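Protein chains in written order, with UniProt numbering: chain A, 1 to 212; chain B, 1 to 212; chain C, 1 to 212; chain D, 1 to 212. The C-beta atom is built at its ideal place from N, Cα and C for all residues, glycine as well. Please read all numbers here as calculations on a predicted model, not as lab measurements.
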DNA sequence: AATGAATGAGGATTCATTCAT
DNA sequence: AATGAATGAATCCTCATTCAT
């Protein structure tokens, strides 16, 4: 099953014929799977074309270089991640609830897109700008949300830049551990626990004078 | 300045002469710097030996392969990171304070060991087992600390496995952003803000019935 | 002059274009000549590609490794040697005559295929299984011939396994000496003398009660 | 158990001290075993010194190069083979009997010196002159024997050069097959069968007008 | 649009040999 | 006499990319 429903890669200025569009999609999917499974450096163009079922030369009809597909994949994942999160959060009554929904959606997304998620992680070393872009767009939007929420009193005040990176790091590691590494983790429980930490912190809860 | 004070690499079965030990150290340092600066795949053995000021073949007197040095560096960083954190935290009166000190120490450590920190990050893709080992030892000890602190009532109760990974992720991302990427960040302020998030969470603080 | 008329290398699953087939042939010929002239270990891939007039990388389009060409060459020689001998012997009225024709054909073949003959010899050390295969197929067929001839009374009875190896050894050494080392030997005379030894042995001939 | 009783390597002009002589012997033995087991090209000097239990540099105290040991080994084997054969044959009443004893002694010798026998075989490709020397000395002596025997009427007349190479080839292959490759062969039976072939040839025996 | 062939720069690794101690 | 360290030439092999068809 293709991981690309909703993607936005090169659909404009792309291949003119239907056949061409099909080939492009096959290559993109194959690249995502190969990069995800073997990693960028262990993946040869021939792996991709073989998996896509096309000739070696065909790759260069659609991409200028190996890095280009990789970057395309990362960029695409950025878009899709944002969509997925925005979607998950859009009906949240307040920011805290949005956090709760967000972390859960993120874990599910990571698990549903293992290959591509790994690609994004590796981008840090293969295409740092693409990686930075991925997180910058993300962190900007995220920071705004926090600032507005803080202004509305939905969350405490704080250095939102720092908080955003801390929160993204937490989600990322949980995505890694419970999305990629451990296949049988209970996403519900994990996201609940994580949300609790992010919302309430580690400090003991004071309730009617008792610590819990 | 050598990044290896306190390291534990190959002190067993290693070189028999003083000269040999010196060469080993030079190679190790050079490898850390090159890998840190260029990344594993862009680093050629000749880069390392050139920087170390020894002949190409000399590398293979001390290491069986490129991957071997890399792994040695990661393992070494694991030891040193644990030392650094244990050290920073050892006088903390309670767990919350320990968290505060820990995050700060971690940021400082990351900044003081940029090269090797990057090596560790990349290990995720170059030597996954080494990377896993790095975090597993770490997370095990961390989880214990949290469990005991929770039992003592110093922190709230929760799924410590999840919390540990969330916290490590937060620290890691902050280490990346404020340790590696942004050289002029105010470590004090960042670690304070981060500690506040980790300790108190995002939820608005209730004080005398008012939200802040 | 190509040494490959009648060869059977890689005609299956091989190159798809005519150009490819031509390149393969060039490489195979060049490899035979280089290996024959310098020996396996002194021959670099670049020697082969240079002689073949193609780029270095082209070699690896057609062969997985240096050993692979080598083995291909040995296997090919096995086929061709059998063909040559079978051909030479097919009209012999009886086994003794076949031996006579065989040893002569073998010497001629060795001389006409110096390079590849040397390759086969060296296979003993470079690719023992290929070498063993070469002789095993050979010795099996040969032993059958002897057994049947013995049954028909054309030759004496004896341990055919042993005789086959002794005869192959004799031929091989003669091939070495008079085929490879001494270019001006009289093949006719040599094969006559050899055949005489193989057929009649060293014992003095008894004719009318006189020893000769 | 050392394979070097009766050897003649460098015992003159060699090491002055007893310790030195012992080291030399250890290196020689180790070299023979390693070359025999792995082959010349797969054997590194370090393999030899490790097996000999001495330091790497020590090798070059006793030998100028890798090839030098190899050649020394081959030359030594030449001497020892001749001794062994001369010894086995010295009481033979006539040449035919000598052949019988010779082939048997050769097989036994090959089996008792597998490693070094293999070394000699490989010399063909590693040190052709040494190999040639081995066989030339051998073939010269052998040819003389045959000529004289023929003159005495003990064997038939023939081209002794050719016969010598044929006979050596036969012995060599039998040594290979029954000495090196097949460990459980019955040397008695093999040498009997081989001697019969060499003496009487393949032709059916005529006895009282009957063919056998 | 598709592709198989060709290429050579690049890089890891081996190892015989030298040398200072 | 003994040796551990140092070295770099030599080679195999990979693979992204180009190109002619």
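The Cβ neighbour count for residue 17 of chain B, taken over all protein chains shown within 10 Å, is under 16; the residue is labelled exposed. Residue contact check for residue 77 of chain A against chain B: no CB pair falls below 8 Å. Here the alpha carbons of residue 14 of chain A and residue 125 of chain A stand approximately 28 Å from one another. In the structure shown, the three-state DSSP call for residue 64 of chain C is coil.
In terms of CA proximity to residue 158 of chain B, A/203 leads the group A/203, A/30, A/182, A/148.
For residue 36 of chain A, the enclosing alpha helix (DSSP H) has its first and last residue at 18-38. CA-CA distance, residue 197 of chain A to residue 165 of chain A, rounds to 15 Å. Against chain B, the beta carbon of residue 41 of chain A has neighbours under 9 Å at 40, 41, 125, 126, listed in chain order. Taking a Cβ-Cβ cut-off of 8 Å, the neighbours of residue 204 of chain D in chain C comprise 153, 154, 155, 156, given in sequence order.
Neighbourhood of residue 199 of chain D in chain C, by CB distance below 7 Å: 201, 202, 203, in chain order. Contact annotation: residue 173 of chain B and residue 169 of chain A have beta-carbon atoms nearer than 8 Å.
Following the DSSP letters along the chain, one finds residue 165 of chain C inside the alpha helix (DSSP H) bounded by residues 160-174.
For a Cβ distance threshold of 7 Å, residue set 165 of chain A lies close to residue 177 of chain B, ordered along the chain. When DSSP states are grouped into helix, strand and coil, residue 129 of chain A belongs to the helix group. Residue-level contact check: residue 159 of chain D touches chain C, since one or more beta carbons of chain C fall below 8 Å from its beta carbon. The count of Cβ pairs closer than 8 Å, one atom from the region 68-82 of chain B and one from the region 127-136 of chain B, reaches three, so the stretches are in contact. Taking 7 Å as the upper bound on Cβ-Cβ separation, chain D lies near residues 39, 41 of the UniProt domain "HTH tetR-type" (21-81) of chain C. Here residue 33 of chain A has 115 as same chain residues with Cβ atoms under 6 Å from its own Cβ, once five neighbours each way along the sequence are excluded. Taking each of B/183, B/44, B/31 in turn and checking the Cα distance to residue 74 of chain B, the smallest one comes out for B/31. In the three-state reduction of the DSSP assignment, residue 54 of chain A falls in the coil class, being assigned neither a helical nor a strand state.
The contact set of residue 96 of chain A on chain B, defined by CB atoms closer than 8 Å, consists of 202, 203 in chain order. Interface annotation, residue 107 of chain A: not in contact with chain B, CB-CB separation never under 8 Å.
Around residue 195 of chain B, the same chain offers 99, 100, 103, 104 as residues with beta carbons nearer than 8 Å, after the five sequence neighbours per side are excluded. Apart from sequence neighbours up to five positions away, the residues of its chain that approach residue 70 of chain C with a beta-carbon distance below 8 Å are 31, 35, 40, 119, 123, 126, 127, 130, ordered along the chain. In this chain, the alpha helix (DSSP H) harbouring residue 102 of chain B covers 95-112. By the Cβ test, the region 59-70 of chain B is not in contact with the region 138-158 of chain B, since fewer than three Cβ pairs between them sit closer than 8 Å. 8 Å or more divides the Cβ of residue 92 of chain B from the Cβ of residue 175 of chain B. With respect to the C-alpha of residue 86 of chain C, the residue from C/113, C/141, C/44 having the closest C-alpha is C/141.
Counting only runs of at least 4 residues, the region 64-91 of chain D fully encloses the following alpha helix (DSSP H) elements, listed from N- to C-terminal order: 66-89. Scanning chain A for C-beta atoms nearer than 7 Å to the C-beta of residue 196 of chain B yields 158, reported in chain order. For the C-beta of residue 190 of chain D, the chain C residues within less than 7 Å are, from N- to C-terminus, 162.
Each residue's CA atom was taken as its position, placing residue 113 of chain D and residue 84 of chain D some 12 Å apart. Of the residues assessed, residue 160 of chain C falls on the buried side of the cut-off, its CB having 16 or more other CB atoms within 10 angstroms. The CB of residue 138 of chain A never comes closer than 8 Å to any CB in chain B; the least such distance is about 12 Å. C-alpha of residue 37 of chain B to C-alpha of residue 171 of chain A: approximately 27 Å in a straight line.
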